[in-house]
Amino acid sequence: MLLVSTAQRGYNNFNFSSVLGQQTGASNATPHIYKICLTGGPCAGKTTALTYLQQVLSQKGFRVFCVPEAATLLMKGGAMINVSTFAFNQAVKFQTSLMKTQMSLEDHFTELAKNENLPSVILCDRGLMDGSAYVSEELWSAVLDEVGLSHMQLRDKRYDGVIHMVTAADGASSFYNKGNEARYENLKQAVDVDRRLRHAYLGHSRFFIVDNSVSHFNSKIDKCVDIVSKIIGFPSPSNHHKKFLIRISNPEDHASLGFPPECKIDTFEVIETIIKPYPQGNSQEDIEIYLRKRQFINAYSYTQEIRYTTNHQRIVKSRIITAREYLELIQQKMPTLNTLQKRRTSFVYENQAYTIETILNIEGQPTFLRAETHSDDSFTIPPFISVVKDVTSQKLYSSPNLAHVDFKYQQLPELAGPAV
């Protein structure tokens, strides 16, 4: 039996009714359904995490649905999983069937959740991008063509958060086993697959990595609980947001930072607009609502993020929205704040997800390193990043201040000083 997590103990002292009643910010609105993907290499602890998350969330008033892994269902039904023995056309057909099965399961569970009209969380045992880790780029492109979907549609428009649990083969090899009959990888293969799965979801706006740098397996599960609490808008004191002002020779070209050859990056544009807040209740203050339009080539995705304080605790809630919702909400833009044009690059270094962010439409183009960590102690700055200063808690560098019509970046003296 799992020990009671630190997140669970923290939940017991929090007023959940206020959050559950305001999932969308309006008392008469349909409760939001959060869909979270748990992925990662073989023998990472996903099954245990899913079971425990279902228990914790159910106890706190959520209707919880667990979408099974399509690959395991097909394996138990007699289908072969090792596509390395297939010809190209066979592999395309198999992966297409697998994707359609997974997509159908997710969509049906979503409809069931909508039908109950309750605050709900859908936990997905792997996601639609997982298949890309097991096939060549050419084959994956053929599968996307078959289903008529893009990389961005699968990665960014279906999941409110993605949690990558690192395989036990990487950092806890003595605990690696082949208990799942759909698992055929040895240690090296497991690590390789884990890396490819990580790359598959790199760039998702809420992508988290849970590695094996813990003293006990329960601590790994605790991290998953903390992350899920953050995604659905509950307080989680174990998670920390970090933000650093950094030096860069060419702010418009993040590759100029000199990423290591093995460090895969994903670069995209974000248009961020802060809109007028709507009433959230007498106990809440400092409400900020962000609309973000993300562009990669000719594809777009949209999100809404709400930040507010309740019972002296800072809450952040994010949800995927449609283009129509975006166009309606953006009419409420704050008149004293400019829309920020950002270039972001996501990357992973030593099992930590980072984002480089440049504000393109501010003179001087300030550039930041951002990360969400489980604890201050586990955070390290990549050696190829030159940090000017930690600005995590400084309102001067907050998005509302950077967006203010009177903000002037050239007044800031930090870039003339030595790097941290």
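Following the numbering used here, the numbering of the sequence shown begins with 24 at its first residue and continues without gaps. Glycine is no exception: its CB is placed at the ideal position from the N, C-alpha and C atoms.
Element boundaries [alpha helix (DSSP H), containing residue i]
| i | result |
| --- | --- |
| I244 | F240 to I254 |
| K266 | Element bounds for K266: not the alpha helix (DSSP H) but the beta strand (DSSP E), H263 to R270. |
| L177 | H174 to D179 |
Helix, strand or coil at residue i [DSSP, three-state]
| i | result |
| --- | --- |
| V185 | strand |
| R229 | coil |
| Y157 | helix |
| I353 | helix |
| T296 | strand |
| D217 | helix |
| G44 | In this prediction, G44 scores a pLDDT of 44, lower than 50, which makes its location untrustworthy; no coordinate-derived value is stated. |
| K69 | helix |
| Y199 | coil |
| L97 | helix |
| M152 | coil |
| K316 | strand |
| T396 | strand |
| D193 | coil |
| N305 | No answer about N305 holds up, because its pLDDT of 45 lies below 50 and its placement is not dependable. |
| E348 | helix |
| E134 | helix |
| E169 | helix |
| S279 | helix |
| K83 | coil |
| E129 | helix |
| A102 | coil |
Nearest-angstrom beta carbon gap, residue j and residue i [assumed within contact, 8 Å]
| i | j | result |
| --- | --- | --- |
| L128 | P91 | 7 Å |
| Y420 | E386 | At roughly 16 Å, the Cβ-Cβ gap does not stay under 8 Å, so Y420 and E386 are not in contact. |
| S369 | D289 | 5 Å |
| F88 | A156 | With a Cβ gap of about 24 Å, F88 and A156 do not count as contacting. |
| I232 | R218 | The pair is not a contact, with the Cβ atoms about 11 Å apart (cut-off 8 Å). |
| V166 | D234 | Wrong, their Cβ atoms sit about 29 Å apart, outside the cutoff. |
| Y325 | I344 | 5 Å |
Residue from the options whose Cα sits closest to the Cα of residue i
| i | options | result |
| --- | --- | --- |
| L73 | P283, I312, V248 and E328 | V248 |
| I145 | R86, D153 and A195 | R86 |
| P389 | I269, E160 and L61 | I269 |
| G256 | P283, Y331, P284 and D309 | Y331 |
| S143 | I254, K356, T415 and Y372 | I254 |
| L97 | N112, Q118 and F109 | Q118 |
| I244 | C286, Q364, I56 and Q77 | Q77 |
| S196 | F132, K246, N241 and P65 | P65 |
| C147 | Q354, R181 and P283 | R181 |
| G150 | F267, S159 and T124 | T124 |
| I312 | P423, I382 and A67 | P423 |
| Y224 | D193, Q176, E161 and S242 | Q176 |
| Q417 | N321, T362 and K265 | K265 |
| G171 | L280, M126 and F430 | M126 |
| D179 | T381, K316, V339 and T415 | K316 |
| Q336 | F109, I310 and P258 | P258 |
| V414 | N200, N138 and F267 | F267 |
| F291 | T95, L392 and I379 | I379 |
| P283 | A346, E373 and G226 | E373 |
| S164 | T133, E134, A114 and D183 | A114 |
| Q327 | T359, K365, I294 and P358 | I294 |
Host beta strand (DSSP E) of residue i (start-end)
| i | result |
| --- | --- |
| E380 | Q375 to I382 |
| Q327 | A322 to T333 |
| Q417 | Unbroken run through Q417: none, as it is neither H nor E. |
| V148 | It should be noted that the sequence gives Asp, not Val, for residue 148. Unbroken beta strand (DSSP E) run through D148: S143 to D148. |
| K340 | Q336 to I344 |
Residues that residue i bridges to, as DSSP identifies them
| i | result |
| --- | --- |
| H427 | L360 |
| F291 | R367 |
| C89 | L146 |
| A114 | Bridge partners of A114: none, in fact. |
| F391 | L268 and E380 |
| T62 | H187 |
| L162 | For L162, which the question treats as bridged, DSSP gives no partner whatsoever. |
| S409 | R270 |
| I56 | S143 |
| Y372 | Q375 |
| E311 | R330 |
Heavy atom of the ligand COA within 7 Å of residue i beta-carbon
| i | result |
| --- | --- |
| G150 | Of the ligands one can find in the structure shown there are none, so the ligand COA has no counterpart to examine. |
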